[in-house]
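There are 2 protein chains.
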Amino acid sequence: MTTVDTPFALLDTARLDRNAARLRDRLAVLGVPLRLHVKTAKSVEVARRVHGDGPITVSTLAEAEHFADAGYRDVLYAVGLSPHKLPRVAALLRRGVRLTVLLDSTAQAEALTSFAREEGLRVPALIEIDCDGHRGGVQVTDPALPEIGRTLGDNLAGVLTHAGESYFAYTPETLHRAAQHERDVAVAAADVLRGAGLACDIVSVGSTPTAHAATDLSGVTEVRAGNYVFFDLVMAGIGVCTTDDLALSVAVTVIGHQHDRNWVITDGGWMATSRDRGTQAQAVDQGYGLVAHLDGAIIPGLVMTGASQEHGVLSTRDGSPVPDLPLGTHLRILPNHACATAAQHDRYHLVGGGTWTRHRGW
Amino acid sequence: MTTVDTPFALLDTARLDRNAARLRDRLAVLGVPLRLHVKTAKSVEVARRVHGDGPITVSTLAEAEHFADAGYRDVLYAVGLSPHKLPRVAALLRRGVRLTVLLDSTAQAEALTSFAREEGLRVPALIEIDCDGHRGGVQVTDPALPEIGRTLGDNLAGVLTHAGESYFAYTPETLHRAAQHERDVAVAAADVLRGAGLACDIVSVGSTPTAHAATDLSGVTEVRAGNYVFFDLVMAGIGVCTTDDLALSVAVTVIGHQHDRNWVITDGGWMATSRDRGTQAQAVDQGYGLVAHLDGAIIPGLVMTGASQEHGVLSTRDGSPVPDLPLGTHLRILPNHACATAAQHDRYHLVGGGTWTRHRGW
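Heads up: the sequence lines are chains A and B, in that order. With the working numbering, the residue at position 218 of the first sequence is 271, and numbering never jumps. With the working numbering, the residue at position 348 of the second sequence is 401, and numbering never jumps.
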């Protein structure tokens with residue numbers, strides 16, 4: 054692994070396996086199947102390792118096409134559909150992929166229904182329900198909900214919620230409440246549709262924080278989660294994991310020192326870590342990431358505090374002298390946000406050897 | 054161009070040409086040649102268009118190799134050298150590339166000299182001089198400067214400064230002072246080396262802000278700049294360009310609305326724009342970017358205020374109602390930081406048709 058030139062994405066498969074087993078065990082107790090979100094790793098090898106060829110969630114149609122090429126047949130595209138993407142959706146359906154799309158407006162439903170009729174296809178669609186004001190979705194009380202359902206006709210497949218605000222929940226109680234609310238809103242939305250005489254087979258919920266905090270998922274048919282395969286400092290900051298669970302890091306090399314400023318300079322800048330500063334608003338700001346030895350042992354008090362394109366600056370949180378890290382020393386940077394950091398890399402180098410692929414693009 | 058699926062990187066070559074001509078004209082007056090930094094565009098087509106096959110600066114050895122494959126023969130690798138990268142440097146030199154490296158410590162100079170001797174190669178090196186405490190480099194008064202020069206022996210090629218703090222200069226006067234200081238420190242460092250009986254052929258300075266603010270570059274042998282080919286909102290914020298000069302944008306599509314929150318939602322999230330929030334500390338925080346119609350006309354008051362991985366949220370700066378942008382509308386997002394936004398894409402789609410490549414990796 055150290056023969057690869059730094060910076061590179063380093064993946065600890067022992068931690069990956071542990072993270073996967075943890076969620077698998079939780080969902081087995083709750084009795085709800087996982088629909089893995091592949092947007093974090095964007096890697097067929099990671100998906101196979103943690104989830105076999107089970108149902109997946111994607112964030113782009115390019116991911117759907119890539120995973121379809123690898124044999125995945127049950128795919129949810131969980132970003133609101135722009136009608137101009139319908140021909141790509143149809144092409145996947147005609148390949149035999151059970152692709153489900155997402156929408157939250159009558160305009161989208163009308164475009165989909167009209168396209169489906171012209172093409173002689175069923176295009177299964179979930180209605181996105183807003184449970185916490187995070188992003189998209191209709192309110193469960195909005196008359197638009199049954200109207201969208203009716204407009205979809207037999208393309209209606211169910212409802213979906215995503216508790217995106219749970220990323221800003223900081224106690225076990227608020228996380229648990231977010232999970233309960235995400236479930237309650239999804240089930241209530243399904244009841245609205247059923248009360249209007251419409252079918253609602255799928256009741257989909259999820260996010261990494263709520264998947265780990267839920268205790269009752271009755272009425273839910275699937276849980277989506279993706280970040281949990283790697284975890285990151287944002288997740289550690291809200292208490293969903295510990296820093297020992299972080300499976301992804303960036304391997305870097307010391308290229309200089311500024312002794313007067315108590316800085317160690319590395320060859321890993323924001324191009325390698327991303328510009329994500331997700332812990333900036335948390336109780337503990339982790340800068341651009343924590344620093345560990347190449348074997349994974351965290352160096353206490355050392356933080357990546359600065360980033361140029363190809364330079365990282367490491368310094369101590371309390372201003373104490375930086376440890377002796379001579380020119381050429383290899384280190385790991387533990388990322389704020391695994392989805393963003395992984396996106397800077399085309400492959401994963403495994404601890405112990407070997408590489409796994411990563412997909413990108415739209 | 055609108056047949057490509059959004060989000061995609063959109064490049065306006067008319068603006069690119071105008072930006073290139075502006076710096077070319079400036080440097081002609083100053084009488085100093087340009088060494089284009091290719092780290093912003095990472096595109097052979099962009100480099101050819103603005104600079105022919107002239108001397109270039111790179112931020113990674115992968116860039117050096119990629120541009121060498123395309124015929125570039127005068128390349129400066131302007132990130133402090135880790136000795137473990139020396140075999141890749143030697144391979145480029147043996148291909149006939151005049152590759153120059155950068156360092157700022159005796160330890161690096163010793164490793165380089167010893168490697169060069171063993172390999173029977175001259176490995177030309179510049180000594181990085183710190184002019185503003187931004188990142189790496191030795192102080193011009195530090196006894197280490199002539200010591201590094203002596204250690205390098207005939208590998209010594211010159212000195213380099215980079216006024217990285219000029220990105221935080223906000224008036225024409227402070228920009229001009231930063232440019233003058235960058236030049237003065239570089240020339241003083243060259244004088245220190247020459248005073249110690251050492252040769253110092255190359256005196257390299259530059260950054261996009263200082264390249265546009267310098268009025269006297271006597272004693273300087275080359276100017277480095279890269280961002281200026283695209284410019285961005287950070288550069289507009291410090292007054293080096295206007296928003297009309299921005300050549301790079303991200304084309305996105307409206308996928309939804311949250312009328313109660315006065316939001317327009319697009320299919321361009323941080324995966325398409327990057328997480329860079331470079332204007333956050335400027336006088337005007339531009340969020341994740343300004344919004345323009347697909348033809349380039351800026352929509353006054355509309356800002357990309359939120360970003361998930363594949364969702365952008367547009368809202369108005371003053372809370373006035375968002376303009377009518379129906380489902381399916383195509384828009385441009387003007388980026389905070391062109392280097393970071395371009396890095397999220399594998400190619401540039403040109404206004405008027407065609408695509409140009411972009412390189413990535415290390």
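Ideal Cβ positions, reconstructed from N, Cα and C, are used throughout, including at glycine.
Taking only beta-carbon positions, decide if residue i is within less than 8 Å of chain A.
{"i": "residue 10 of chain B", "result": "What the structure shows of chain B is the stretch from 54 to 415, and residue 10 of chain B is not part of that stretch, so it cannot be assessed."}
{"i": "residue 380 of chain B", "result": "yes"}
{"i": "residue 278 of chain B", "result": "no"}
{"i": "residue 254 of chain B", "result": "no"}
{"i": "residue 393 of chain B", "result": "yes"}
{"i": "residue 58 of chain B", "result": "yes"}
{"i": "residue 339 of chain B", "result": "no"}
{"i": "residue 54 of chain B", "result": "Summary for residue 54 of chain B: the model assigns pLDDT 41, below 50, so the residue's position carries little reliability; its value from the coordinates is reported in the next sentence. No, no contact with chain A."}
When we look at the beta-carbon of residue i and count the other beta-carbons within 10 Å, is it buried (16 or more) or exposed?
{"i": "residue 220 of chain B", "result": "buried"}
{"i": "residue 312 of chain A", "result": "exposed"}
{"i": "residue 360 of chain B", "result": "buried"}
{"i": "residue 262 of chain B", "result": "buried"}
{"i": "residue 223 of chain A", "result": "exposed"}
{"i": "residue 339 of chain B", "result": "buried"}
{"i": "residue 336 of chain B", "result": "exposed"}
{"i": "residue 167 of chain B", "result": "exposed"}
{"i": "residue 415 of chain A", "result": "buried"}
{"i": "residue 290 of chain B", "result": "buried"}
{"i": "residue 256 of chain B", "result": "buried"}
{"i": "residue 65 of chain A", "result": "buried"}
Express the C-alpha separation of residue j and residue i in angstroms, rounding to a whole number.
{"i": "residue 341 of chain A", "j": "residue 394 of chain B", "result": "18 Å"}
{"i": "residue 358 of chain B", "j": "residue 299 of chain B", "result": "19 Å"}
{"i": "residue 207 of chain B", "j": "residue 176 of chain B", "result": "9 Å"}
{"i": "residue 286 of chain B", "j": "residue 82 of chain A", "result": "50 Å"}
{"i": "residue 441 of chain A", "j": "residue 306 of chain A", "result": "Past the edges of chain A, shown from 54 to 415, lies residue 441 of chain A, and the structure says nothing about it."}
{"i": "residue 88 of chain B", "j": "residue 373 of chain A", "result": "40 Å"}
{"i": "residue 178 of chain A", "j": "residue 144 of chain A", "result": "16 Å"}
{"i": "residue 425 of chain B", "j": "residue 295 of chain B", "result": "With chain B covering only 54 through 415, there is no way to say anything about residue 425 of chain B."}
{"i": "residue 105 of chain B", "j": "residue 146 of chain A", "result": "47 Å"}
{"i": "residue 402 of chain B", "j": "residue 302 of chain B", "result": "10 Å"}
{"i": "residue 362 of chain A", "j": "residue 74 of chain A", "result": "36 Å"}
{"i": "residue 54 of chain A", "j": "residue 173 of chain A", "result": "Model confidence at residue 54 of chain A stands at a pLDDT of 41, short of 50, so the residue's coordinates are unreliable; what they give is reported in the following sentence. Using only the alpha carbons, I get a separation of about 52 Å."}
{"i": "residue 136 of chain B", "j": "residue 163 of chain B", "result": "10 Å"}
{"i": "residue 380 of chain A", "j": "residue 327 of chain B", "result": "30 Å"}
{"i": "residue 217 of chain A", "j": "residue 345 of chain A", "result": "29 Å"}
{"i": "residue 93 of chain A", "j": "residue 293 of chain B", "result": "37 Å"}
{"i": "residue 158 of chain A", "j": "residue 128 of chain A", "result": "21 Å"}
{"i": "residue 204 of chain A", "j": "residue 161 of chain A", "result": "10 Å"}
{"i": "residue 132 of chain B", "j": "residue 364 of chain A", "result": "8 Å"}
{"i": "residue 390 of chain A", "j": "residue 329 of chain A", "result": "6 Å"}
{"i": "residue 189 of chain B", "j": "residue 183 of chain B", "result": "6 Å"}
{"i": "residue 84 of chain A", "j": "residue 69 of chain B", "result": "57 Å"}
Taking residue i as the query, report the chain B residues whose CB atoms sit under 7 Å from its CB, ordered along the chain.
{"i": "residue 309 of chain A", "result": "133, 157, 158 and 189"}
{"i": "residue 414 of chain A", "result": "399"}
So which residues on chain A does residue i lean against when the C-beta distance must stay under 8 Å?
{"i": "residue 262 of chain B", "result": "Going along chain A, no residue has its Cβ under 8 Å from residue 262 of chain B, so there is no contact; the nearest lies around 15 Å."}
{"i": "residue 386 of chain B", "result": "Residues of chain A passing the Cβ test: none, with the nearest at roughly 14 Å."}
Check whether the Cβ of residue i lies closer than 8 Å to any Cβ atom in chain B.
{"i": "residue 306 of chain A", "result": "yes"}
{"i": "residue 409 of chain A", "result": "no"}
{"i": "residue 318 of chain A", "result": "yes"}
{"i": "residue 161 of chain A", "result": "yes"}
If the cut is a Cβ gap below 8 Å, which residues of chain B does residue i touch?
{"i": "residue 364 of chain A", "result": "132, 133, 188 and 189"}
{"i": "residue 327 of chain A", "result": "327 and 328"}
{"i": "residue 136 of chain A", "result": "380 and 381"}
So which residues on chain B does residue i lean against when the C-beta distance must stay under 9 Å?
{"i": "residue 95 of chain A", "result": "Here the premise fails: no neighbours, minimum Cβ distance about 10 Å."}
{"i": "residue 335 of chain A", "result": "Those within 9 Å of residue 335 of chain A in chain B number zero; the least Cβ separation is about 15 Å."}
Against residue i, what residues of chain A qualify as contacts under a CB-to-CB distance less than 7 Å, listed in chain order?
{"i": "residue 324 of chain B", "result": "396"}
{"i": "residue 113 of chain B", "result": "363"}
With hydrogens ignored, establish whether the beta-carbon of residue i is closer than 7 Å to any heavy atom of the ligand MG.
{"i": "residue 269 of chain B", "result": "Summarising the ligand content, the structure contains no ligands, and the ligand MG is consequently not present."}
Contained beta strand (DSSP E) runs [length at least 3] in the stretch 296 to 377 of chain B, N- to C-terminal order: 301 to 311, 316 to 319, 343 to 346, 351 to 360 and 365 to 369
Ignoring anything shorter than 4 residues or poking outside the stretch 247 to 284 of chain A, list the alpha helix (DSSP H) runs there in chain order. 261 to 266
Scan the stretch 134 to 167 of chain B and note each continuous beta strand (DSSP E) run of 3 residues or more that stays entirely inside, going in chain order. 151 to 156
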